[in-house]
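Shown next, in structure tokens, is the structure this report addresses.
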Amino acid sequence: MAASDAYGMSGQGGSRVPFFEIALPPFIVFNFLYGAFYNLLPEGLITPIAGVLFAGQTALSLVSILARPSSFRWRLFFLISSLPIIWLVSHLILQHQIDFPQMLRYLGPFYLGLLVFGHYDKFPIRLMAFMACASVIWVMIWSATQPFYLHSNEAVFDEPVPGWWASIVGNGRLAPFHGGPENPHSSGYMALAFMLVIHQCLVWGVLGFRVAVAFIGMAMLYIVGCFSTQVLFAAVAYFGIYGMYWPRIPKVLKVTAGLVGFSLLVLIAAENEERKAAVRNDTNVKLEELGSGRLGTWIERVDIISDRTPAEVWLGTGIGSDNMSSIIWRLKETTSHNTYLTMIIENGVIGFLIYFGVLIMMMLKLGRHGIALFTPVFITALIGNGLSLRPMPFMVFFLAVAVCMWGMARQYHLQKAAADRRRMAARLHDDGW
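Residues in the sequence shown are numbered from 2 upward in steps of one, following our numbering.
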């Protein structure tokens, strides 16, 4: 496929060595394997493999922008590369620590996104579909063979965890396969990312309907079973927005589905609050304790930001500086559980605008498909340590973006070819053929 297409990229064409076709498949395979088999890896290999993935794909993105330059991608590159400059300035002026490995974890998925927006046609789409389905199969095998568990401070209670899922399967959540037992939400985010890849393959005809629905159903079953409310919110919103855009659905049905979906989200939130209150053995839940204590933590963080110096407000206090104790969580050190607040604290107002500016630019480039795809990013950012703060799930998310861009470009070329055929037929008719 030529690079000059609906996205306005000028390809350099005709290289004798298909560099990206050779370089990308190994990274794709290792992305999925690392995401699905994280908990089985020896502890000494986890960081080195992650470093190879992030550094290698970042290097590919830099080669990519030179191979297929475009004004849009240069703007993205400038904005993404501005973030470490902000961290460096904050380090030099405010004497805050600078963490280079964390910088790579923050920026690696963004640079993969830069690669996707330049060489989406070089990504092995069918290999990605196969790997996503295989990963979901492994997730279900893992969750079926591992014991259920109680997460974090829930483990101190002997009584079963309340909730409709626990009432069916017993006492606990489905076992995490990514991120370890202390970070079970990462497994929910990984399952969401696998599901996005599979659904995009369905949208663009890479997978058949029955196959895709079966794997999407399994991924959703895991998301529900691991009790990750923010991930469930994101999945419901994603499919809801796609349903709103589907022209075959009557408007009355869309409105009804929208109301049902909103009611479902409210019920999910209410059930989560009831379950958390029962786990805390607390019958008098205060306003600050809503959202599993998130609301109170957000209020605390806003107070911290308001007391900062102007330099800290504009430049932030560096990566990892949002990990502070919270009164509402009994002085436990934790993040804001809100990516918007985390960005302001760690990157300042300038970094916040750049960070979300890049996401919005990417989203708008994909039109309504981009709005649906990036909805999970923005929703999870509002109610937790969102998708964009979880490097491996965020990288797999950009593989879903690659499938979307491949499908949109393929549709564009098919429509262009059909239009050319119609013009040719009309010309032949006018010439008397």
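Just so it is clear, CB atoms sit at the ideal spot from N, CA and C, and this is done for glycine as well.
Per DSSP, reduced to three states, the secondary structure at residue 174 is strand.
DSSP places residue 230 in the helix class (H, G or I) of the three-state scheme. The three-state secondary structure of residue 335, taken from DSSP, is strand. Assigned with DSSP and collapsed to three states, residue 69 falls in coil, not helix or strand. A contact between stretches requires three or more CB pairs, one per stretch, nearer than 8 Å, and the region 83-94 fails this requirement with the region 27-38. Pairing residue 391 with residue 229 gives a Cβ-Cβ distance that is not under 9 Å. With a threshold of 16 other beta carbon atoms within 10 Å, residue 308 falls short and is exposed. Going by DSSP, residue 355 is part of the alpha helix (DSSP H) stretching over 340-366.
The way I'd put it, the region 118-131 does touch the region 72-86; three or more beta-carbon pairs between them come closer than 8 Å.
In the displayed model, residue 370 falls within a helix according to three-state DSSP.
Take the alpha-carbon of residue 44 and the one of residue 184: they are about 15 Å apart. Sixteen is the threshold: when 16 or more other Cβ atoms of the shown chains lie within 10 Å of the Cβ of residue 339, as they do, the residue is buried. Look at residue 397 here: in three-state DSSP terms it is helix. Where residue 391 is concerned, there is no enclosing alpha helix (DSSP H), because DSSP gives it neither an H nor an E. Taking all protein chains in view, the Cβ of residue 65 is crowded by 16 or more other Cβ atoms within 10 Å, so the residue is classified as buried.
Boundaries of the alpha helix (DSSP H) harbouring residue 186: 186-204, taken from the DSSP string. Residue 400 is not a Cβ neighbour of residue 235, given a cutoff of 9 Å. For the pair residue 337 and residue 299, the CB atoms are nearer than the 9 Å cut-off. Cβ-Cβ separation between residue 367 and residue 393: approximately 22 Å, too far for a contact (criterion under 8 Å). Our two residues, residue 222 and residue 423, have alpha carbons roughly 47 Å apart in a direct line.
In this structure, the straight-line span from the alpha carbon of residue 134 to that of residue 403 is close to 16 Å.
In this structure residue 149 does not touch residue 127 by the C-beta definition: roughly 35 Å separates them, more than the 8 Å allowed. Here the C-alpha atom of residue 370 lies approximately 25 Å from the C-alpha atom of residue 22. Residue 143: member of the alpha helix (DSSP H) spanning 126-146, first to last residue.
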